[in-house]
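Each residue of the sequence shown is one higher than the last, beginning at -11 in this note's numbering. Just so you know, even glycine gets a beta-carbon here, dropped at the ideal spot from N, CA and C. No experiment lies behind these values; they were computed from the predicted model shown. This report refers to the structure that appears directly beneath it.
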Amino acid sequence: MSGRLYNKSLNNHHIWNMLLFQANPTYLKDSTVVLPVQINGKTRGTIEVEETCTEEEAFVLASRDEKLSKYLHGQSVKKRIYVPGKILNVVLDRKNIQVGVQ
């Protein structure tokens, strides 16, 4: 019924043939990515970062994360490997890691 009324009011243009909304692809793309974080070669968790995130920003977010901070706290970082949008790998200095108590 409403389709017929609309049809009569707009000179035989059918409502079901009209394009009401058009999607803008820039708004549909996600600007954040989930970045896996490896510490000494083992995946210890993930962080959510912007696509344009730098290595320093990703490391700061990882060190603030509750799950990842327990691995990083008090340790010296030997090397950081960052592939933008893919992974953050942190290699800790083995001299500061206690392997076991003898």
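Delimiting residues of the alpha helix (DSSP H) encompassing Glu54: Along the sequence shown, one-based indexing puts residue 54 at 66. Residues Glu54 to Leu60.
Should the segment 12 to 21 be regarded as contacting the segment 53 to 66, the criterion being three or more beta carbon pairs within less than 8 angstroms?
By the criterion of at least three beta-carbon pairs nearer than 8 angstroms, the segment 12 to 21 is not in contact with the segment 53 to 66.
If we ignore side chains and look at the alpha-carbon of each, how far apart do Glu43 and Lys74 end up?
For this step, residue 43 is matched to residue 55 along the sequence shown. For this step, residue 74 is matched to residue 86 along the sequence shown. Their Cα atoms are separated by approximately 11 angstroms.
| query | Where DSSP assigns a beta bridge to Gly33, which residues make up the other side? | reply | Within the sequence shown, residue 33 is the residue found at index 45, counting from 1. For Gly33, which the question treats as bridged, DSSP gives the partners Val25.
- Query: Val37 and Leu23 look like a contact to me (Cβ under 8 angstroms); what is the Cβ gap, rounded to whole Å?
  - Reply: For the purposes of this step, residue 37 is taken as the residue at position 49 of the sequence shown. For the purposes of this step, residue 23 is taken as the residue at position 35 of the sequence shown. In this structure Val37 touches Leu23 by the C-beta definition: roughly 5 angstroms separates them, less than 8 angstroms.
_Within a Cβ cutoff of 7 angstroms, which residues of the same chain sit near Ile69, ignoring the five residues on either side of it in sequence?_
Position 81 of the sequence shown, counted from the first residue, corresponds to residue 69. The answer, listed in chain order, is Asn77.
Notebook entry, point to check: From Arg32 to Thr14, what does the alpha carbon distance come to, in whole angstroms?
Noted result: As a working note, residue 32 is residue 44 in the sequence shown. As a working note, residue 14 is residue 26 in the sequence shown. Going by the C-alpha atoms only, they are around 32 angstroms apart.
field: Three-state secondary structure (DSSP) of Lys83
entry: As a working note, residue 83 is residue 95 in the sequence shown. For Lys83, the three-state secondary structure derived from DSSP is helix.
Proximity winner among Lys66, Val71 and Leu80, relative to Lys58 (alpha-carbon distances) = Position 70 of the sequence shown, counted from the start, is the residue given in the question as residue 58. Ranking Lys66, Val71 and Leu80 by Cα distance to Lys58 puts Leu80 first.
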